[in-house]
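Reviewing the structure listed below.
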DNA sequence: GTAGACCTTCCAGTGCGCTGGAAGGTCAAG
DNA sequence: CTTGACCTTCCAGCGCACTGGAAGGTCTAC
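Residue numbers (our numbering), protein chains in the order written: chain A, 106 to 237; chain B, 106 to 237.
Put into C-alpha cells, the structure is as follows:
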C-alpha cells in the first residue's frame, strides 16, 4: 500500500502520515524501488490507534512512547505499567471534568429551550447562560 | 483585588490573566488611579469557569463566545442554543472517546499487573501492550 | 511524448495557549 | 531614600500538531 491509499483508508492526510513518521508515532516504512513508502495493511490499525489515542487526549509524544515500548519489546513492564496507570488516572480525571461540563451545558440548553422566544427579541438579558 | 491576588486565589498566572483579557475570555477590568487592574470578587468565579471549560476541551475562542453572548445579553438565544447544543454533542463524543480509551488502558494495566515480573527482566516481549 | 496523478524532500508558516524578558512605574517598610 | 515586591506595556519565542508550497522524480493512459 502506498501513502495515498493509507491516507484514504484512514482519512489522515499524506502530509500528516509523513509527519507522524518523523515524530516516531509511525515506524519508518519500507520503500519500493522507486523510493515510494510501502505500508503493510496493519499500518491502518496502527494509524487508527494513534487517532483514537489522540482523541482521548494523549499527545503524539506519549503515543510514541507507548508504541515504542511495545515495538522494542524490552524489559519495560514496570515503567510501562506506571506510565499506563498515570494515563489511566489522567483519562479518568478528564472524563470527570467533561461530565461536569456536560452537566453545565445541558442545564444551559434546557434553560434556553424553556425560554419564551419573544423575550429574546426585545433586548432582554439572555437567560440561557447562568451568571458566571 | 489586584491581579496578583486574583492569580493566587485561582492559581492562574498574572501573565495568563492579562492574556485572557486580551483574547476576550475575561472582560476589561477597571483600573485604580495608579493604572493597576482592579478585580471584583466574582472574577474568581469567572476565571474558574474558564479553567473548567478549558479542562472540558473548549478553546478560548469558544469560551469567549459563550461569555460574550452572556455579557452582551442580546437577542442571541437561538444562536446561543445552537452553539451550546453543538458543544454538548462534542463533549458527549469526547466522553465516549475517553471511555473507549479508558477501557483500552485498563486492559493494558491489568495485563501488566498479571505478568510474571521475571518475564519482564529477561528480554521477553513486553506483553502489557497488545498488538496494535 | 506529454498530461496528469501520484510520489519525494525541504523549509516555512499557522493557530493555539501560553511564557519570558526588557524597561519602566508605584508603593510600603526600614 | 533606597530596597523589594508588585504592577504596567510591548515584543519575542516556544511547544504542539499540523499545513502549504516549491522543486523535482515516477508511472500510467492516451
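Beta carbons are placed, not taken as given, at the ideal position from N, Cα and C, and that holds for glycine.
Go ahead and label residue i buried or exposed: buried means 16 or more other beta carbons lie within 10 angstroms of its beta carbon, across all protein chains shown.
i	result
residue 125 of chain A	buried
residue 170 of chain A	buried
residue 252 of chain A	Here chain A comprises residues numbered 106 to 237, so residue 252 of chain A is not present and cannot be evaluated.
residue 191 of chain B	exposed
residue 175 of chain A	buried
residue 281 of chain A	Since the first and last residues shown for chain A are 106 and 237, residue 281 of chain A lies out of range.
residue 214 of chain B	buried
residue 158 of chain A	buried
residue 107 of chain A	exposed
Is there a C-beta anywhere in chain B that falls below 8 Å from the one on residue i?
i	result
residue 160 of chain A	yes
residue 203 of chain A	yes
residue 214 of chain A	yes
residue 122 of chain A	no
residue 217 of chain A	yes
residue 133 of chain A	no
residue 126 of chain A	no
residue 197 of chain A	yes
residue 165 of chain A	no
residue 200 of chain A	yes
residue 193 of chain A	yes
Within the continuous alpha helix (DSSP H) that includes residue i, where are the two ends?
i	result
residue 155 of chain A	147-160
residue 112 of chain A	108-115
residue 141 of chain A	Premise fails: residue 141 of chain A is in no alpha helix (DSSP H) and is neither H nor E.
residue 121 of chain A	119-128
Consider the Cβ of residue i: report whether some Cβ of chain A lies at a distance smaller than 8 Å.
i	result
residue 117 of chain B	no
residue 207 of chain B	yes
residue 189 of chain B	yes
residue 211 of chain B	yes
residue 186 of chain B	yes
residue 114 of chain B	no
residue 142 of chain B	no
Got a sec? Which residues, its chain only, sit under 8 Å from residue i by beta carbon, not counting five neighbours each side?
i	result
residue 136 of chain B	142 and 143
residue 131 of chain A	122, 125, 148, 151, 152 and 155
residue 195 of chain A	162
residue 146 of chain B	106
residue 133 of chain B	126
residue 204 of chain B	none
By Cβ distance, which residues of its chain are closer than 7 Å to residue i, with the 5 residues on each side in sequence left out?
i	result
residue 116 of chain B	none
residue 112 of chain A	118, 119 and 122
residue 109 of chain B	119
residue 160 of chain A	none
Using C-beta distances below 6 Å, list every residue in its chain close to residue i, excluding the 5 sequence neighbours before and after it, in chain order.
i	result
residue 162 of chain B	199
residue 140 of chain A	none
residue 114 of chain A	149
residue 168 of chain B	130, 155 and 158
Rounded to whole angstroms, how far is the Cβ of residue i from the Cβ of residue j, which I believe are closer than 8 Å?
i	j	result
residue 138 of chain A	residue 165 of chain A	Not confirmed; about 31 Å, so no contact.
residue 207 of chain B	residue 197 of chain A	7 Å
residue 193 of chain B	residue 210 of chain A	4 Å
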